[in-house]
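> Numbering (the working numbering), first residue to last: 69 to 336.
Just so it is clear, CB atoms sit at the ideal spot from N, CA and C, and this is done for glycine as well.
Because the structure is a prediction, the values reported are computed rather than measured.
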């Protein structure tokens, strides 16, 4: 199993956090189950070798798209592969959705949207080119060119909300939302409305997910659960436990002992 990342171009860096590749082996006898956790950001995902199926709550498999947008989400989703697989992806700031794709982020929150529905003929052509590319470098170049064209087509002045979203992610959710609305020179109500349009969530939900993700990043460290909770800004163990159960489906103890589904890439 292999996971690695590639930095975006300087022009795309305000909207794209990373490009990534994740690949591994599976079989009918030993399928691979990936568990997607709550995430404040979105991803464009291309299953260029063996699309995963979605596992529903009763363990039944349902076909999923080969390429599409995994929008920002508060939900846990499970996928399964039964043969050798490989995925190429692009990890986006949530405000990249309205800027690059032309939809309010709030329209697609918690959704898995196939690329053809998202971008029509252009999306279908992009999917085909990514799937038939022979190297990761080619895939990065193809997707970068697509996103840069979208920037040219949909150019708009940067909103102060972009900075607020980036600040919350950088500060691991440990921010005062009222001070962010003042910095953006918006009333609290205006800030909440604009924030949801560009982030997909109200500020309170977004900061909770960002804090959860800050804790997840400490997977594989030697820290105690108490230290992980404190470093991520959880000063109340009950909130730490409740957020982990809601956003991952696991207690912190079960998650950090290393047996959680889909956690392999965290230590790859």
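DSSP on residue 78, reduced to helix/strand/coil?
It is coil, neither helix nor strand.
> Can you tell me the Cβ-Cβ gap for residue 89 and residue 72, rounded? I've got them flagged as a contact below 8 Å.
Indeed they touch by this definition, with Cβ atoms about 6 Å apart.
> Quick one: give me the first and last residue of the beta strand (DSSP E) that residue 86 is part of.
That run of the beta strand (DSSP E) goes 84–92.
> Would you say the beta carbon of residue 99 comes nearer than 7 Å to a heavy atom of the ligand FAD?
Summarising the ligand content, the structure contains no ligands, and the ligand FAD is consequently not present.
> Beta-carbon within less than 7 Å of residue 315's beta-carbon, same chain only, minus the 5 sequence neighbours each way: which residues are those?
Same-chain partners within the cutoff: 105, 106, 142, 277 and 280.
> For the putative contact between residue 201 and residue 207, defined by C-beta atoms under 8 Å, what is the C-beta separation to the nearest angstrom?
The Cβ separation is near 5 Å, so the contact holds.
> Tell me the start and end of each unbroken alpha helix (DSSP H) in the stretch 211–262 that is at least 4 residues and wholly inside, in chain order.
Qualifying alpha helix (DSSP H) stretches, in chain order: 228–238 and 245–251.
> When DSSP builds the beta bridges, which residues end up paired with residue 181?
DSSP lists 137 as partners of residue 181.
> What is the residue span of the alpha helix (DSSP H) that residue 295 lies within?
Residues 293–299.
> Helix, strand or coil for residue 142 per DSSP?
Residue 142 falls in the coil class under three-state DSSP.
> Can you list, in chain order, the residues of its chain with a C-beta nearer than 7 Å to that of residue 131? Leave out the 5 residues immediately preceding and following it.
So the list reads 121, once near-sequence residues are dropped.
> Please report the distance separating the alpha-carbon of residue 318 from that of residue 305.
Distance between the alpha carbons of residue 318 and residue 305 is about 15 Å.
> Taking C-alpha atoms, which residue in 321, 111 and 80 lies nearest to residue 162?
For the residues 321, 111 and 80, the minimum Cα distance to residue 162 belongs to 111.
> Given this structure, state the Cα-to-Cα distance separating residue 242 from residue 139, to the nearest angstrom.
Their backbone Cα atoms lie some 23 Å apart in a straight line.
> Cα separation between residue 266 and residue 97?
Near 43 Å, if we compare the C-alpha coordinates of residue 97 and residue 266.
> Measure from the alpha carbon of residue 337 to the alpha carbon of each residue in 109, 311, 221 and 244, then state which is nearest.
Residue 337 is absent from the model: the chain starts at 69 and stops at 336.
> Give me the DSSP bridge partner(s) of residue 157.
Answer is 88 and 113, bridged to residue 157.
> For residue 186, which residues of its own chain have a beta-carbon under 7 Å away from its beta-carbon, when the five flanking residues on both sides are left out?
Around residue 186: 136, 137 and 169.
> Measuring straight from C-alpha to C-alpha, what distance separates residue 146 and residue 167?
Cα to Cα, the separation comes out at about 29 Å.
> What residue range does the beta strand (DSSP E) around residue 152 cover?
It is not in any beta strand (DSSP E) - residue 152 carries neither H nor E in the DSSP assignment.
> According to DSSP, is residue 188 helix, strand or coil?
DSSP places residue 188 in helix when its eight states are reduced to three.
> Sort 100, 261 and 312 by Cα distance to residue 172 and report the nearest one.
Selected option, being the one with the closest Cα: 261.
> Which same chain residues, not among the five before or five after residue 115, have their C-beta less than 6 Å away from its C-beta?
Excluding sequence neighbours, residue 115 sits near 134 and 155.
> Using beta-carbon positions only, say whether residue 246 and residue 256 come within less than 8 Å of one another.
Going by C-beta atoms, residue 246 is nearer than 8 Å to residue 256.
> On the DSSP letters alone, give me the boundaries of the alpha helix (DSSP H) that residue 282 sits inside.
Counting along the chain, the alpha helix (DSSP H) containing residue 282 begins and ends at 271–284.
> For residue 117 and residue 152, which I take to be in contact (beta-carbon distance under 8 Å), what is that distance rounded to the nearest angstrom?
Yes, residue 117 and residue 152 are in contact; Cβ-Cβ is about 6 Å, under 8 Å.
> Expressed to the nearest angstrom, what Euclidean distance is found between the alpha-carbon atoms of residue 93 and residue 320?
About 28 Å.
> Taking the alpha carbon of residue 285 as the reference point, which residue from 271, 300, 273 and 128 has its own alpha carbon closest?
Out of 271, 300, 273 and 128, 300 has the C-alpha closest to the C-alpha of residue 285.
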